[in-house]
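Written below as structure tokens is the structure these notes are about.
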Amino acid sequence: MLDRVHEPASEGNAVRSKRDAGALRVRGVGAWHLRRARPWVACLAALTMAAGLSVTPALASAAQSAPAVVTLSPAFGPSQGGTQVEIDGTGFVGVTGVLFGGESAPFVVDSSSLILAFAPAAPVGGGSVPVRVVTSAGTSAPAPYTYVGVPAVSGLYPQSGPVAGGVAVTISGSGFAGATAVNFGAGRSAKFTVVSNTEIEAELPPDTTLQQQQRCAHSRCRTVHVEAPASSALTVDVTVVTPAGSSAPGTADQFTYLPSPVVTSVAPATGPASGGTPVTIAGSGFTGAVSVTFGGTPATFQVVSDGEIQATAPPGSGTATVQVAAGPSVGSVAVGGDTAYAIQSGGSLWQWGLRAPLPAAAAASPPACACATLPEQVSGVGPVTAVAAGTGATYALAADGTVWAWGTGGQGQLGDGHLADRAVPVRVSGLSHVVGIAAGSAGGLALESNGSVWAWGGDISGQLGSLAAWSRPCLCSDVPVQVPGLPAVHAIASGGLTGYALTASGSVWAWGGGADGQLGVGARRDIAAPQAIPGLGGITQVVAGRSSAYALGGDGTVWAWGADGHGELGQLDVTPYAACACVDAPAAVAGLPQQVASLAAGRDTAYALTAGGTVWAWGNGGNGQLGQTVASGASPAAGGLVCACTTTPVQVPGLVDVTFLAAGGNTALALGGGGALVGWGDGADGQLGPTTQSSSNQALISLPFWSDASAAGPSAAFTYVSAAALASPS
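Oh and the sequence shown: position 271 is 303 in the working numbering, straight run, nothing missing.
The following block contains the structure:
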């Protein structure tokens, strides 16, 4: 029998009716579906749907306790409502209502531990609402249910990948909560993890069509008709599906499958063990090649076309496999305190690590570390030629000579005329024809093509070169001002609160903060007016750490000055001042076994890249910045702290043929000769990618820039022979 019909009960107006053990209670509902209801309940529901009724099976009389909701499945749904939600819990006896916020929901009681409810439409503004179960014994504590909008994809990293799949792809956008599928075009469903409402990490599925085409184009495939050459690429839309719907296709969601490189011949196929043989490599898929190796040894090369590479064989022995690897080409990298950056071929800029300031969506519900462990493309600027990362603010030099900034701006660090943080790049006011940029802890520097230097941001230590901004409430300038008193400048650098300028003749000028001797002028105080550093000439590069500075001479000599609390000045022929553990005039660094080609500096650690492609480090190693474990001991500087540091430069193990070196904070990055990017040191905020998020990494970590290498085979073999064998007649 059926009791009388009731409307859905509200929390304040629970409807009660008597029922015997076999009776059923029916409540008003709209059309809906039953997923896990017992068959007899579903059958009765089908009979009553036309009347707009919902069915609740009667439960045996028992001593009732207040209901409790344990889980909601799913806990997300579209704003129009209608999603069937399984409510698991206890005490679902005598249920009189299910509330989503202030709205009553149609429901069916399946058992004392399961209710099937149907979400009503979202309230104005959407968001999360509390779900409660009402019984004659009371009302449960709330469980959150979130209304989500239709998903939208705003970006991908990377934007291309191999036909074999397997590459990690980060999808950025909105409305990803409760995603049920991620598709790379039709028929390519990806494995994925929803990181947050704005980020999904997916595993690129393979493209079997291109794989088959490639196999057939380079084999005796006779059963498959090949309509496209193996070198053709395929671009697809990446679609995210949630209970609210599917993301709409657009330019931001396009992903390109690239064919794997294939080597079909190597000519000549022999050469001397000493290397140096010009070799023509024929095949396909060579566009975007980032490395050519002979038996794993990198070779110099030039891509002539998609089907031809001209390479020079490196030294070797025996028979070596010639392999071509393609993928995103990284031209240069930079590191801030907690964020890393890479400029790829074409000038696109990518960042990973700590996001600061947080975008509004992430700030509302931040992930565990509010960071990105896979590179995300920086939108709103590009193409770029250089990037400089400071403390909270980042600067990018665009190819058109303008400068763009984002991050923390409370001291005018963004140079856009405002004292506000920016999550997206804004143009630094008044700058054009810029050829170089640098970042400090409170502002930026720019070098224009006419040799003038411009500064903006904080000026408490004279970083702007004049102390002219002290009359402002913020002791700063929110637009660039020219640094006076400098000759024509060739390059610039910045560290902490100090600026440096290098002239074409090799002299170095400094201004700003100097309490630790980092000005190098023999005084330990701030100086607003730039001064030439005595004793330095023929300098080719200047870099700066937090309170230390380094200069590279044309003869490969390294000079250092400033703070020395962690041995960051290396082995000097002077004794640091006990009062400040610092040196206020440049001194040569000893202990570097090879001629130095370039320098980099972290917070308290210095790095040298030699002409032979090896990397040496000294200073603080407490976070693995030296690439190896260093025993803690007394600081080398008088009055210094106990630290894991060294004044003797040590070689970073595992690094060979390095072409580019960058450091910042307690993290370092290096580009290998084959284009591979590796890092070491502090990776707690994702600066070293997804492999590990640790504050101390002594071993090298490969960063997530994919590459796809050609396969081995007889057609890709190069044989090294002795000089005698080459000289003997055939």
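Glycine residues also receive a C-beta, built at the ideal position from the N, C-alpha and C atoms.
Nothing here was measured: the structure is a model prediction, and the numbers come from that model.
Close-in-space but distant-in-sequence residues of the same chain around residue 284 (CB under 7 Å, 5 per side omitted): Contacts found: 185, 186, 187.
field: DSSP state of residue 415 mapped onto helix, strand, coil
entry: Reduced to three states, the DSSP call for residue 415 is coil.
- request: Determine the direct distance from the alpha carbon of residue 276 to that of residue 289, and round the result to whole angstroms.
  value: Approximately 28 Å, taken between the alpha carbons.
task: Assuming residue 163 and residue 132 form a contact by the criterion Cβ under 8 Å, report the distance between their Cβ atoms to the nearest whole angstrom.
output: Yes, they are in contact, since the Cβ atoms of residue 163 and residue 132 sit about 6 Å apart, within 8 Å.
task: Can you tell me which of the three DSSP states residue 293 falls into?
output: Residue 293 falls in the coil class under three-state DSSP.
query: What are the start and end residues of the beta strand (DSSP E) that includes residue 147?
result: Note, residue 147: beta strand (DSSP E), 146-150.
query: If we ignore side chains and look at the alpha-carbon of each, how far apart do residue 524 and residue 480 end up?
result: Taking the straight line from one Cα to the other gives about 10 Å.
- request: Measure the alpha-carbon distance for residue 176 versus residue 166 and round it to whole angstroms.
  value: Computed Cα separation, rounded: 16 Å.
Given residue 631 as reference, the closest of 681, 664, 655 once Cα atoms are compared: Minimum Cα-Cα distance from residue 631 among the listed residues 681, 664, 655 corresponds to 681.
- prompt: When you compare each of 323, 337, 366, 624 to residue 345 by their alpha carbons, which one comes out closest?
  reply: Minimum Cα-Cα distance from residue 345 among the listed residues 323, 337, 366, 624 corresponds to 323.
- request: Alpha carbon to alpha carbon, how far is residue 168 from residue 153? Give it in angstroms, no decimals.
  value: Spanning the two alpha carbons is a distance of roughly 26 Å.
query: How big is the Cα-Cα spacing for residue 569 and residue 590?
result: Taking C-alpha positions only, residue 569 is separated from residue 590 by approximately 12 Å.
- prompt: Do residue 488 and residue 445 have their C-beta atoms within less than 9 Å of each other?
  reply: With respect to residue 445, residue 488 sits close: the two C-beta atoms are nearer than 9 Å.
- request: Pair every Cβ in the stretch 295-302 with every Cβ in the stretch 192-207, then say whether three or more of these pairs are closer than 8 Å.
  value: When C-beta atoms of the stretch 295-302 are compared with those of the stretch 192-207, fewer than three pairs fall below 8 Å, so the two segments do not count as touching.
- prompt: Given 8 Å as the limit, is there contact between the stretch 648-661 and the stretch 695-705, that is, 3 or more CB pairs closer than that?
  reply: Yes: the two stretches touch, three or more of their Cβ pairs being nearer than 8 Å.
message: For residue 754, tell me which candidate among 378, 355, 350, 217 has the shortest Cα-Cα distance.
response: Of the candidates 378, 355, 350, 217, the one whose C-alpha sits nearest the C-alpha of residue 754 is 350.
task: Report back the beta-carbon spacing between residue 628 and residue 588 to the nearest angstrom; my notes put them in contact at under 8 Å.
output: At roughly 5 Å, the Cβ-Cβ gap stays under 8 Å, so residue 628 and residue 588 are in contact.
Outcome for residue 470 when other beta-carbon atoms lying within 10 angstroms are tallied against a minimum of 16: With 16 or more other Cβ atoms within 10 Å, it is buried.
- prompt: Going by the beta-carbon positions, is the gap between residue 294 and residue 315 smaller than 9 Å?
  reply: With contacts defined as CB atoms closer than 9 Å, residue 294 and residue 315 qualify as a contacting pair.
query: Quick one: what's residue 298 bridged to in DSSP?
result: In the DSSP assignment, residue 298 forms a beta bridge with 313.
- prompt: Quick one: what's residue 323 bridged to in DSSP?
  reply: Residue 323 pairs with 357.
task: Count the other C-beta atoms from every protein chain shown that fall within 10 angstroms of the C-beta of residue 598, then say buried if there are 16 or more, exposed otherwise.
output: A buried status is given to residue 598, since no fewer than 16 other beta-carbon atoms sit within 10 Å of its beta-carbon.
- request: Starting from the C-beta of residue 449, find all residues in its chain whose C-beta is less than 7 Å away, skip the five residues before and the five after it, and write them out in chain order.
  value: If you ignore the 5 residues before and after residue 449, its C-beta comes within less than 7 Å of the C-beta of 461, 510, 511, all in its own chain and listed in chain order.
- prompt: In this structure, does DSSP put residue 726 in helix, strand or coil?
  reply: Three-state result, residue 726: coil.
query: Three-state secondary structure (DSSP) at residue 742?
result: Reduced to three states, the DSSP call for residue 742 is coil.
- prompt: Name the DSSP beta bridge partners of residue 167, please?
  reply: Per DSSP, 127, 170.
field: Limits of the unbroken beta strand (DSSP E) element including residue 522
entry: Start and end: 521-527.
query: Given residue 653, which residues of its chain have a CB within under 6 Å of its CB, disregarding the five upstream and five downstream residues?
result: Hits under 6 Å: 662, 676, 677.
query: Buried or exposed: residue 605, going by 16 or more other Cβ atoms within 10 Å of its Cβ?
result: Exposed: under 16 other Cβ atoms inside 10 Å.
- request: Determine, using beta carbons only, whether residue 109 and residue 172 come nearer to each other than 9 Å.
  value: With respect to residue 172, residue 109 sits apart: the two C-beta atoms are not nearer than 9 Å.
query: Among residues of its own chain, excluding the 5 on either side of residue 333, which ones have a beta-carbon nearer than 6 Å to its beta-carbon?
result: Cβ neighbours of residue 333 within its own chain (closer than 6 Å, five residues either side excluded): 324, 341, 343.
field: Selected residue, minimal CA-CA separation from residue 715, among 708, 733, 704
entry: Among 708, 733, 704, the Cα nearest to that of residue 715 is on 733.
Burial state of residue 520 (16 or more Cβ within 10 Å): It is exposed - the Cβ of residue 520 has fewer than 16 other Cβ atoms within 10 Å.
- prompt: Does the separation of the CB atoms of residue 406 and residue 721 fall below 9 Å?
  reply: For residue 406 and residue 721, yes; Cβs fall inside 9 Å.
query: By DSSP, does residue 611 sit in helix, in strand, or in coil?
result: Correct three-state label for residue 611: coil.
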